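A short write-up of the structure that comes next.
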């Protein structure tokens, strides 16, 4: 029986050593998991800041493009308004030259309509 016990004691010793090694490995694994979690959090923080920085630059370029388009549209509307004002001015000159203080009027409605149609279609081009 003594021999048997000695064998069992050796077996208990191997189990204890094995458990001790597993605990050491678990400690290493736990430490590695902590480092991994810390690395993931740090990487996520860095990635988020890089994304915000890139997005801010992109938003700035979009805003500049919109401002440029608005300015261009404003210039186009100003030009169109000037053309319309010039058209009205030309019609006023025509009416004052050929209609007012003329008895009978030198220009009739048909001629006036034809002139208006020609000048208006030319201004649109």
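In this note's numbering, the protein residues as written are 743 to 867. Beta carbons: idealized from backbone N, C-alpha and C, even for Gly. As the structure is a computational prediction, the values presented were derived from the model and not from experiment.
Query	Result
Selected residue, minimal CA-CA separation from residue 826, among 788, 838, 811 and 861	861
Span separating the alpha-carbon of residue 855 from that of residue 838	15 Å
Cα-Cα separation between residue 785 and residue 820, rounded to whole angstroms	52 Å
Between the CA atoms of residue 829 and residue 857 - distance to the nearest angstrom	11 Å
Three-state class that DSSP yields for residue 810 in the structure shown	helix
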